[in-house]
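Asker: The sequence shown maps to residues 1 to 320 in this note's numbering. The beta carbon of each residue, even a glycine, is placed where N, CA and C say it ideally should be. The following block contains the structure, expressed as structure tokens.
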Amino acid sequence: MNYDLFSLDTSDAAKLTVLSMGLGQDSTALLYKYAYDAEFRMHYAPNDFLVIFSDTGNEFDETYRHLEHVKAFCKLQDIEFVHLTADMGYHSGDWQSLEHFYNAKSAIGSKAYPKICSQRLKIDPIYRFLEDFLAKRYGVKAGKKKGFRQFAKESGKIRMMIGIAANEEKRMSEASDRKERWYRESIEHCYPLVDLNMNRQGCQEYIRSVGHDVPIPSNCMMCPFLSLEELEYLRRFCPEALEKWVHYESKKLEKWKHLDSVPVVSSSGKTSIVNKNLGVWGKKYLPEVIEEAREKFSKWTDERIREYRMSHGHCVASAY
Ligand code: SF4
Numbered sequence: 001m002n003y004d005l006f007s008l009d010t011s012d013a014a015k016l017t018v019l020s021m022g023l024g025q026d027s028t029a030l031l032y033k034y035a036y037d038a039e040f041r042m043h044y045a046p047n048d049f050l051v052i053f054s055d056t057g058n059e060f061d062e063t064y065r066h067l068e069h070v071k072a073f074c075k076l077q078d079i080e081f082v083h084l085t086a087d088m089g090y091h092s093g094d095w096q097s098l099e100h101f102y103n104a105k106s107a108i109g110s111k112a113y114p115k116i117c118s119q120r121l122k123i124d125p126i127y128r129f130l131e132d133f134l135a136k137r138y139g140v141k142a143g144k145k146k147g148f149r150q151f152a153k154e155s156g157k158i159r160m161m162i163g164i165a166a167n168e169e170k171r172m173s174e175a176s177d178r179k180e181r182w183y184r185e186s187i188e189h190c191y192p193l194v195d196l197n198m199n200r201q202g203c204q205e206y207i208r209s210v211g212h213d214v215p216i217p218s219n220c221m222m223c224p225f226l227s228l229e230e231l232e233y234l235r236r237f238c239p240e241a242l243e244k245w246v247h248y249e250s251k252k253l254e255k256w257k258h259l260d261s262v263p264v265v266s267s268s269g270k271t272s273i274v275n276k277n278l279g280v281w282g283k284k285y286l287p288e289v290i291e292e293a294r295e296k297f298s299k300w301t302d303e304r305i306r307e308y309r310m311s312h313g314h315c316v317a318s319a320y
């Protein structure tokens with residue numbers, strides 16, 4: 001891949017580029033691009049570079065194994081890697097981990113609810129940490145995000161490198177569209193995989209081509225946005241996690257039983273009884289959906305389910 005280096009305005013080169021690492025295939029491909037491809041490095045991260053992974057506490061075992069591989073790799077390559085765990089103090093309140101939230105609130109993530117988990121478990125901890133990092137490393141005065149604005153004023157916007165693959169452009173967003181002023185003024189998003197037209201398969205091929213194992217796509221085991229195929233993967237290969245998930249859902253349904261039949265008046269004045277006590281899949285509860293997946297994929301071999309899993313799924317967080 002050749003980059004048009006002459007088109008770069010070097011005066012505009014970010015002082016700090018941060019790779020938001022999900023530990024899936026897309027962000028892993030970006031890390032290896034940075035390490036092995038000098039032109040990529042010069043184009044996207046010519047100055048300081050930091051990699052941050054915010055732990056949801058609910059990643060798959062394979063992802064945690066990949067984490068160790070990536071940590072060792074970064075050490076070897078002299079790349080600064082931060083593994084944000086809850087004990088570091090950047091995860092807040094009931095969001096110490098996905099399960100901590102489910103437990104503390106007798107709650108459950110649902111396809112029917114807004115996607116706040118990625119904001120609470122990934123995006124918020126990353127920016128809380130980053131402001132402290134800016135204070136320690138660059139001497140800005142941290143607090144209420146003022147440190148970001150000071151940094152941007154003195155050194156230019158922080159470039160957030162985000163692993164969204166080509167064909168997933170709809171997940172991209174502009175920092176300038178955000179409602180928070182500090183964010184608009186201090187952050188810029190960059191999506192190199194889209195620029196380079198690297199889709200998921202391209203990322204997998206690139207990772208192999210530089211001699212590394214391809215990790216599984218990263219998302220929480222108890223992610224409400226799983227597909228039926230991924231649910232079947234969980235049933236076959238992570239039954240304990242699935243059992244716990246069913247338990248969290250039933251606890252939530254029990255607690256909010258009074259919402260099972262709520263009278264709702266429509267705009268035409270008609271009253272109907274609506275079940276507002278939703279589970280992970282909405283009105284269908286997990287045991288039923290698990291059975292549905294079991295039946296639907298009964299002819300799929302374990303190998304086929306594993307293959308599917310290797311090429312599907314990611315956290316729905318789109319902007320860091
Ligand atoms: S993987 Fe799913 S459950 Fe985990 S943070 Fe992302 S959206 Fe939420």
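Kindly indicate which three-state DSSP category Ser-11 falls into: helix, strand or coil?
Answerer: Bear in mind that a pLDDT of 46 at Ser-11, under 50, signals an unreliable position, so the number given afterwards is only what the model happens to contain. Of the three classes helix, strand and coil, the one that applies to Ser-11 here is helix, per DSSP.
Asker: Within its chain, find whatever has a CB closer than 8 Å to the CB of Lys-71; leave out the 5 residues flanking it on each side and keep chain order.
Answerer: The residues are Phe-81, His-83.
Asker: Exposed or buried, which one is Pro-239 when buried takes at least 16 other CB atoms within 10 Å?
Answerer: Per the 10 Å Cβ criterion, exposed.
Asker: For Glu-295, is the classification buried or exposed, using 16 other Cβ atoms within 10 angstroms of its Cβ as the cut-off for buried?
Answerer: Exposed: under 16 other Cβ atoms inside 10 Å.
Asker: Is the Cβ-Cβ distance between Tyr-248 and Ile-116 less than 7 Å?
Answerer: Not closer than 7 Å, so no.
Asker: With distances taken Cα to Cα, identify the nearest neighbour of Gln-150 among Glu-205, Glu-131, Ala-165.
Answerer: Measuring from the Cα of Gln-150, the nearest candidate turns out to be Glu-131.
Asker: How long is the line joining the alpha carbons of Ser-155 and Lys-15, rounded to whole angstroms?
Answerer: Between Ser-155 and Lys-15, the C-alpha separation is close to 6 Å.
Asker: At the level of alpha carbons, what is the spacing between Ala-293 and Arg-181?
Answerer: Using only the alpha carbons, I get a separation of about 45 Å.
Asker: Among the residues of its own chain, which have a CB less than 6 Å from the CB of Ala-13, if the five just before and after it don't count?
Answerer: These residues qualify, in order along the chain: Pro-46.
Asker: With a cut-off of 7 Å, give the chain-ordered residues whose Cβ is closer than this to any heavy atom of ligand 1.
Answerer: Ordered along the chain, the selected set is Thr-56, Asn-58, Leu-98, Gly-109, Lys-115, Cys-117, Ser-118, Leu-121, Lys-122, Asn-219, Cys-220, Met-222, Cys-223, Pro-224, Phe-225, Cys-315, Val-316, Ala-317.
Asker: Using a 10 Å radius around the Cβ and a threshold of 16 neighbouring Cβ atoms, would you call Lys-157 buried or exposed?
Answerer: Buried, since its Cβ has 16 or more Cβ neighbours within 10 Å.
Asker: At a cut-off of 6 Å, is Gly-22 close to ligand 3 when judged by its beta-carbon and the heavy atoms of the ligand?
Answerer: In terms of ligand content, the structure shown lacks ligand 3 and carries ligand 1 instead.
Asker: With Leu-278 and Ala-112 assumed to form a contact (beta carbons below 8 Å), what rounded beta-carbon distance in angstroms separates them?
Answerer: Right, the Cβ-Cβ distance comes to about 5 Å (below 8 Å), so this counts as a contact.
Asker: Sort out for me which residues DSSP pairs Ser-272 with in a bridge.
Answerer: DSSP output for Ser-272 lists Val-264 as bridge partner(s).
Asker: Can you grab the Cα-Cα spacing for the pair Asn-98 / Arg-200, in whole Å?
Answerer: Here residue 98 is Leu; the residue named in the question, Asn, does not match the sequence. About 26 Å.
Asker: From which residue to which residue does the beta strand (DSSP E) around Glu-39 run?
Answerer: Counting along the chain, Glu-39 falls outside any beta strand (DSSP E), though it belongs to the alpha helix (DSSP H) covering 38-44.
Asker: Can you round the beta-carbon distance between Glu-59 and Pro-215 to whole angstroms, since I take them to be within the 8 Å contact cut?
Answerer: Wrong, their Cβ atoms sit about 11 Å apart, outside the cutoff.
Asker: Quick one: what does DSSP say Gly-202 is sitting in, helix, strand or coil?
Answerer: It is helical.
Asker: Taking the alpha-carbon of Ile-187 as reference, which of Lys-141, Ile-126, Lys-170 has the nearest alpha-carbon?
Answerer: For Ile-187, the nearest C-alpha among the options comes from Ile-126.
Asker: Below 6 Å CB to CB, which residues in the same chain sit around Val-274 once its five sequence neighbours on both sides are set aside?
Answerer: Only Val-262, Val-264 meet the Cβ criterion.
Asker: Mapping DSSP to helix, strand and coil, what is Val-18?
Answerer: Strand at Val-18.
Asker: Let me know if Gln-204 comes out buried or exposed under the rule of 16 or more other beta-carbons within 10 Å of its beta-carbon.
Answerer: Buried, because 16 or more other Cβ atoms sit within 10 Å of the Cβ of Gln-204.
Asker: Cβ of Ser-106 within 7 Å of Cβ of Lys-299?
Answerer: No. Outside cutoff.
Asker: Taking all protein chains shown into account, do 16 or more other C-beta atoms lie within 10 angstroms of the C-beta of Thr-56, making it buried, or fewer, making it exposed?
Answerer: It is buried - the Cβ of Thr-56 has at least 16 other Cβ atoms within 10 Å.
Asker: With C-beta atoms as the reference, is Arg-235 less than 7 Å away from Leu-242?
Answerer: It is a contact, given that the beta carbons lie within the stated cut-off.
Asker: Would you give the residue range spanned by the alpha helix (DSSP H) that Arg-149 belongs to?
Answerer: That run of the alpha helix (DSSP H) goes 146-155.
Asker: Can you tell me which of the three DSSP states Arg-159 falls into?
Answerer: Arg-159: strand per DSSP, three-state reduction.
Asker: Phe-225 to Glu-288, Cα distance in whole Å?
Answerer: Going by the C-alpha atoms only, they are around 16 Å apart.
Asker: Please go through the same chain and pick out, in chain order, the residues whose beta-carbon is closer than 8 Å to the beta-carbon of Ser-311, but skip the five residues on each side of it.
Answerer: Here the set comprises Arg-200, Gln-201, Gln-204, Pro-217.
Asker: Look up Glu-131 in the DSSP assignment and say whether it is helix, strand or coil.
Answerer: Note: Glu-131 maps to helix in three-state DSSP.
Asker: Looking at the unbroken beta strand (DSSP E) that takes in Ile-187, where does it start and where does it end?
Answerer: Here the beta strand (DSSP E) through Ile-187 covers 187-190.
Asker: Alpha carbon to alpha carbon, what distance is there between Glu-68 and Lys-136?
Answerer: Going from the Cα of Lys-136 to the Cα of Glu-68 covers about 26 Å.
Asker: Within its chain, find whatever has a CB closer than 6 Å to the CB of Val-140; leave out the 5 residues flanking it on each side and keep chain order.
Answerer: Contacts found: Leu-134, Gly-147, Gln-150, Phe-151.
Asker: On the premise that Val-210 lies in contact with Tyr-36, defined as a C-beta separation below 8 Å, what is that separation, rounded to the nearest angstrom?
Answerer: The Cβ separation is near 5 Å, so the contact holds.
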